[in-house]
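Going down the list, the sequences are from chains A and B.
Using this note's numbering, the final residue of the first sequence is 228, and nothing's skipped along the way.
Using this note's numbering, the final residue of the second sequence is 1228, and nothing's skipped along the way.
We put the CB at the ideal spot given by N, CA and C, even for glycine.
2 protein chains.
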Amino acid sequence: MSTFVGWFSHSQISTMTKILLVEAHAIVRIATKLILNEILGPVNIHESQSFGASLDQLASDQFDLVMLDLTIPEGESYHMIQKLRAIQPGVRILIFSAKDESLYAPHYLKAGANGYLTKLAPDAEIKKAILAVLNDERYVSTTVRQQLGHNTSTTGLNHDSPLQYLSPREMEVMDLLLKGKWTKEIAGELKITISSVSTYKTRIFEKLEVSNLIEMFNKVQLYSGSQS
Amino acid sequence: MSTFVGWFSHSQISTMTKILLVEAHAIVRIATKLILNEILGPVNIHESQSFGASLDQLASDQFDLVMLDLTIPEGESYHMIQKLRAIQPGVRILIFSAKDESLYAPHYLKAGANGYLTKLAPDAEIKKAILAVLNDERYVSTTVRQQLGHNTSTTGLNHDSPLQYLSPREMEVMDLLLKGKWTKEIAGELKITISSVSTYKTRIFEKLEVSNLIEMFNKVQLYSGSQS
DNA sequence: ACATTGTGTAGTATTATGTCTACATTTGTT
DNA sequence: AACAAATGTAGACATAATACTACACAATGT
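Structural data, given as structure tokens:
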């Protein structure tokens, strides 16, 4: 059952490949390590169970790849990409998340991730994604690839996720809103005024064509089955 | 690194232990199988990627244990317990979910689950949970155990939904709230003052033990079952 | 290079909502 | 029957949220 695929091509890396798993769920880390060993052979894997911890690890060690879960404790949505890159500009970042890819992938790719892999992906797809990113290719599922291609408006019909039209900041606010945070709380968390949060809220509602939280909840739920 | 613990005690089961993993994420299934093999030795594992599929499998095969993720496609919150038991009354059910245990565990235990294991649990805890449930013990984390102990008033088999404690008027207001109506609108519709609506809202939140609309939404979803 | 749209951010005035308190009616309980 | 708890309802007052408006700066289109 060993599916050792061999070293990834163009192997510029002479020392052992070093990978950081940023993932709070032990059960996921276990299987990920297994898969990494299957496709890469002996490999140097470090783990973080919070985003803060991952920053520390990046600061003290050079990594080839970071596999990043989005629902990590201390997570800061798309800012995480920037913060990781601020420490190691060249590090490859593969998002590995349970959040619906068609909803979130475009945003994270835009923010600079090298790939977005959903946890719904089968075994083979996971391997493909890891190898692709290690070879400096961008990884997205075919679904998302089509989605990204489509929305360059050729057909009047686009049944893409409405979330695509949200700006990064709006996205961030929406996530917090979806967690049940109130305006004031969000303002504090993002260190902006309540007024600004209100503005985002208004714009989000407009873009999503909803008029209240519940409708928004339903609309997003529609596209994003699960995440917990 | 093999942590084979041996057969679980009181092994009434002569044939090979049969386990059903109801889990949409391949990555989680992989590690779970690994762990099961570590603690139980050779074991007969089946997998379902949707709740519907799991019902089919239960109907055609006898299982010792079902490990059930709550965010499974076609999932129906706590009704799933009843439906599984309707097919195999004696089957042990261990919830294995990423949802916050202190919020959800009590409800699922009341609904009849044999244990609630969070995906945040470390390796060792996962093993403990599986073995406990296979030995017909109820498994909960120590956190939740304390939580359950606290409200001794509810300790007595009260396995109904908190929605039952709402008065008719409160129920009415809640329904409107769930439709996204705002306070003012509800007041108009029910021909009472805004102030009264506010009072109901407060009482509803108290009874449901939630602090905002989103939590309320989730809680109600939990008890009033399926739709998607 | 210039015009336009999108994005991040707030101030202020206005409006909505929540909190605390209160009280008359039911309803439930010994 | 007698008393306690739950229910339906509000007023006064305090706090929170929104609508407008505005503006700088980035991104994009022509």
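When the Cα of residue i is compared with those of the options, which residue comes out closest?
{"i": "residue 1093(B)", "options": "1202(B), 1132(B) and 1119(B)", "result": "1132(B)"}
{"i": "residue 1208(B)", "options": "1198(B), 1196(B) and 1164(B)", "result": "1164(B)"}
{"i": "residue 1081(B)", "options": "1098(B), 1110(B) and 1197(B)", "result": "1110(B)"}
{"i": "residue 1060(B)", "options": "1184(B), 1084(B), 1196(B) and 1190(B)", "result": "1084(B)"}
{"i": "residue 162(A)", "options": "216(A), 99(A), 27(A) and 196(A)", "result": "216(A)"}
{"i": "residue 125(A)", "options": "192(A), 196(A) and 142(A)", "result": "142(A)"}
{"i": "residue 43(A)", "options": "32(A), 95(A) and 183(A)", "result": "32(A)"}
{"i": "residue 120(A)", "options": "1029(B), 1212(B), 1016(B) and 1099(B)", "result": "1029(B)"}
{"i": "residue 16(A)", "options": "63(A), 35(A), 38(A) and 173(A)", "result": "63(A)"}
{"i": "residue 1095(B)", "options": "1086(B), 1140(B) and 1122(B)", "result": "1140(B)"}
{"i": "residue 88(A)", "options": "73(A), 77(A), 97(A) and 55(A)", "result": "55(A)"}
{"i": "residue 1195(B)", "options": "1134(B), 1098(B), 1173(B) and 1137(B)", "result": "1173(B)"}
{"i": "residue 1185(B)", "options": "170(A), 171(A), 212(A) and 167(A)", "result": "212(A)"}
{"i": "residue 1038(B)", "options": "1076(B), 1077(B), 1090(B) and 1128(B)", "result": "1128(B)"}
{"i": "residue 24(A)", "options": "122(A), 40(A), 100(A) and 74(A)", "result": "74(A)"}
{"i": "residue 168(A)", "options": "35(A), 76(A) and 41(A)", "result": "76(A)"}
{"i": "residue 97(A)", "options": "219(A), 86(A) and 78(A)", "result": "78(A)"}
{"i": "residue 1058(B)", "options": "1100(B), 1041(B) and 1086(B)", "result": "1086(B)"}
{"i": "residue 135(A)", "options": "90(A), 146(A) and 210(A)", "result": "90(A)"}
{"i": "residue 229(A)", "options": "123(A), 145(A), 130(A) and 137(A)", "result": "In this structure chain A extends from 1 to 228, so residue 229(A) is not present and cannot be described."}
{"i": "residue 1035(B)", "options": "36(A), 41(A) and 26(A)", "result": "26(A)"}
{"i": "residue 1040(B)", "options": "1220(B), 1166(B), 1130(B) and 1192(B)", "result": "1130(B)"}
{"i": "residue 198(A)", "options": "183(A), 210(A), 53(A) and 188(A)", "result": "183(A)"}
{"i": "residue 1166(B)", "options": "1200(B), 1123(B) and 1214(B)", "result": "1200(B)"}
{"i": "residue 171(A)", "options": "191(A), 220(A) and 138(A)", "result": "220(A)"}
DSSP state of residue i, grouped into three classes?
{"i": "residue 118(A)", "result": "strand"}
{"i": "residue 1034(B)", "result": "helix"}
{"i": "residue 1165(B)", "result": "helix"}
{"i": "residue 1108(B)", "result": "helix"}
{"i": "residue 145(A)", "result": "helix"}
{"i": "residue 1093(B)", "result": "strand"}
{"i": "residue 78(A)", "result": "coil"}
{"i": "residue 127(A)", "result": "helix"}
{"i": "residue 218(A)", "result": "helix"}
{"i": "residue 1156(B)", "result": "No answer about residue 1156(B) holds up, because its pLDDT of 35 lies below 50 and its placement is not dependable."}
{"i": "residue 209(A)", "result": "coil"}
{"i": "residue 1041(B)", "result": "coil"}
{"i": "residue 180(A)", "result": "coil"}
{"i": "residue 1132(B)", "result": "helix"}
{"i": "residue 1098(B)", "result": "coil"}
{"i": "residue 1062(B)", "result": "coil"}
{"i": "residue 17(A)", "result": "coil"}
{"i": "residue 202(A)", "result": "helix"}
{"i": "residue 151(A)", "result": "Its pLDDT being 48, under 50, residue 151(A) is placed unreliably in this model, and the coordinates cannot settle the point."}
{"i": "residue 192(A)", "result": "coil"}
{"i": "residue 57(A)", "result": "helix"}
{"i": "residue 226(A)", "result": "Confidence is the limiting factor: at residue 226(A) the pLDDT is only 38, short of 50, which leaves the residue's position unreliable and the question unanswerable from this model."}
With DSSP as the reference, identify every bridge partner of residue i, one or two as the case may be.
{"i": "residue 1022(B)", "result": "1048(B) and 1068(B)"}
{"i": "residue 1139(B)", "result": "1115(B)"}
At least three beta-carbon pairs within less than 8 Å, the stretch 42–49 of chain A to the stretch 15–27 of chain A: yes
contact_flag[the stretch 1200–1215 of chain B, the stretch 1160–1177 of chain B] where n(CB pairs < 8 Å) is 3 or more: yes
Three-pair Cβ contact test at 8 Å for the stretch 1113–1133 of chain B versus the stretch 1098–1105 of chain B: yes
Contact between the stretch 1066–1073 of chain B and the stretch 61–73 of chain A (3+ Cβ pairs under 8 Å): no
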